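*Asks:* Before we start, here is the structure in question, set down as structure tokens.
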């Protein structure tokens with residue numbers, strides 16, 4: 004990528020961003036595509052195994068609960084974890100293992116274990132441990148003035164890739180109809196593709212500089228005046244996440260399948276367009292932040308603890 008491409012006003016990366024950010028954005032796109040694809044195929048796969056809506060909902064809940072538990076664990080133990088790219092490499096290996104293991108299991112409890120421990124995401128947004136790990140690295144790749152723009156692009160790319168993944172959810176069904184192969188086998192192939200996307204993400208993470216910054220080793224200072232802001236934002240995001248949990252994409256797709264008899268291809272088109280419309284909001288958010296400021300925005304990881 005040339006310097007001009009990196010510093011142009013409408014460039015993918017804001018001015019001053021180091022090339023490392025492009026690797027993180029690429030990995031984000033790969034993972035989001037896989038999430039968009041699997042979120043629609045997951046209820047179909049589980050229904051083919053004989054599970055009803057309650058069991059499918061329980062498995063979807065397990066995926067979200069497992070992601071939350073792992074993310075919280077990583078956050079609390081961040082100072083004990085290896086620095087550099089190692090945590091991201093470990094998460095990518097877990098994604099590969101999830102894609103390989105999920106189609107091999109057919110009983111409820113093994114699936115529940117894989118769902119809880121693995122990286123399967125039943126929603127359209129990124130709720131996995133990748134999110135804080137990538138954002139921590141991303142915040143170090145751009146000057147302060149370009150950080151909001153870079154994070155907006157990070158979210159934009161994720162939404163667009165997830166939308167394309169949803170659109171491709173109908174491919175296994177169409178492929179089975181065109182070739183005569185078993186539809187279940189075609190869906191299993193999508194899980195293998197998910198594993199390959201994890202492998203591709205791992206290869207991108209391997210290209211990240213494995214730095215051991217001294218700033219990351221200093222003891223963290225306690226929150227000061229920012230504690231109240233952080234707690235209010237946490238409450239706001241929790242309320243928003245609770246509302247979003249009522250319409251998880253996998254369960255919404257299941258409802259569309261059963262209530263209206265929609266095909267995977269048609270459902271994928273619906274979620275493709277909703278994903279595109281959602282992506283537009285990130286471009287608008289960047290402009291609004293540039294106009295009114297971003298003092299009370301979500302907290303971001305920082306290389307150095309800054310008293311507030």
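In this note's numbering, the protein residues as written are 4 to 311. Cβ coordinates follow ideal geometry from the N, Cα and C atoms, glycine included. Being a predicted model, the structure only gives us computed values, none of them experimental.
When we look at the beta-carbon of residue 109 and count the other beta-carbons within 10 Å, is it buried (16 or more) or exposed?
*Replies:* When all chains shown are included, residue 109 counts as exposed.
*Asks:* Considering only the alpha carbon of each residue, which of 295, 287, 16 lies closest to residue 146?
*Replies:* 16
*Asks:* Under the rule that 16 or more other beta-carbon atoms within 10 Å means buried, what is residue 88, buried or exposed?
*Replies:* buried
*Asks:* Assuming residue 122 and residue 98 form a contact by the criterion Cβ under 8 Å, report the distance between their Cβ atoms to the nearest whole angstrom.
*Replies:* 5 Å
*Asks:* For the alpha helix (DSSP H) containing residue 172, name the first residue and the last one.
*Replies:* Counting along the chain, residue 172 falls outside any alpha helix (DSSP H), and DSSP gives it neither H nor E.
*Asks:* Report the residue from 54, 90, 72, 46 whose alpha carbon sits nearest the alpha carbon of residue 211.
*Replies:* 90
*Asks:* Answer with buried or exposed for residue 283, where buried requires no fewer than 16 other C-beta atoms within 10 angstroms of its C-beta.
*Replies:* exposed
*Asks:* Buried or exposed: where does residue 216 fall if 16 or more other Cβ atoms within 10 Å of its Cβ makes it buried?
*Replies:* Caution applies to residue 216, whose pLDDT of 48 falls short of 50 and renders its modelled position unreliable; the value that the coordinates give is listed next. When all chains shown are included, residue 216 counts as exposed.
*Asks:* Buried or exposed, going by whether 16 or more other CB atoms sit within 10 Å of the CB of residue 117?
*Replies:* Residue 117 should be labelled buried.
*Asks:* Give me, in chain order, the residues of the same chain whose beta-carbon lies closer than 8 Å to that of residue 160; leave out the 5 immediate sequence neighbours on both sides.
*Replies:* 28, 31, 32, 35
*Asks:* From 248, 48, 156, 175, pick the residue whose C-alpha is nearest to that of residue 287; which is it?
*Replies:* 156
*Asks:* Just verifying my parser: in three-state terms, what is the DSSP assignment at residue 53?
*Replies:* coil
*Asks:* Using the Cα positions of residue 280 and residue 93, report the straight-line distance between them to the nearest angstrom.
*Replies:* 33 Å
*Asks:* At what residue ranges does the segment 126-174 contain a whole run of the alpha helix (DSSP H), taking only runs of 4 or more?
*Replies:* 133-141, 150-170
*Asks:* So which of 178, 197, 199 has the shortest CA-CA distance to residue 189?
*Replies:* When only C-alpha atoms are compared, the closest one is 178.
*Asks:* Can you grab the Cα-Cα spacing for the pair residue 213 / residue 138, in whole Å?
*Replies:* 16 Å
*Asks:* According to DSSP, is residue 231 part of a helix, a strand, or is it coil?
*Replies:* helix
*Asks:* When burial is assigned at 16 or more other CB atoms within 10 Å of the CB, is residue 3 buried or exposed?
*Replies:* Summary: the structure shown does not reach residue 3, with the chain confined to residues 4 through 311, and so no result is reported for it.
*Asks:* Counting only the same chain and skipping the five closest in sequence on each side, list residues whose C-beta sits under 7 Å from that of residue 295.
*Replies:* The beta carbon of residue 295 lies closer than 7 Å to none in the same chain, with the five residues before and after it left out.
*Asks:* Enumerate in chain order the residues of its own chain whose CB-to-CB distance from residue 73 is below 6 Å, with the five nearest sequence positions on each side excluded.
*Replies:* Apart from the 5 residues on each side of it in sequence, residue 73 sits with its Cβ closer than 6 Å to the Cβ of 132 in its chain, given in chain order.
*Asks:* Which residue comes first and which comes last in the alpha helix (DSSP H) that contains residue 88?
*Replies:* From DSSP, residue 88 is part of no alpha helix (DSSP H); its letter is neither H nor E.
*Asks:* Expressed to the nearest angstrom, what Euclidean distance is found between the alpha-carbon atoms of residue 187 and residue 128?
*Replies:* 26 Å
*Asks:* To the nearest angstrom, report how far apart residue 263 and residue 43 are at their CA atoms.
*Replies:* 15 Å
*Asks:* Cβ atoms of residue 172 and residue 268: under 9 Å apart, would you say?
*Replies:* The Cβ atoms of residue 268 and residue 172 sit closer than 9 Å to each other.
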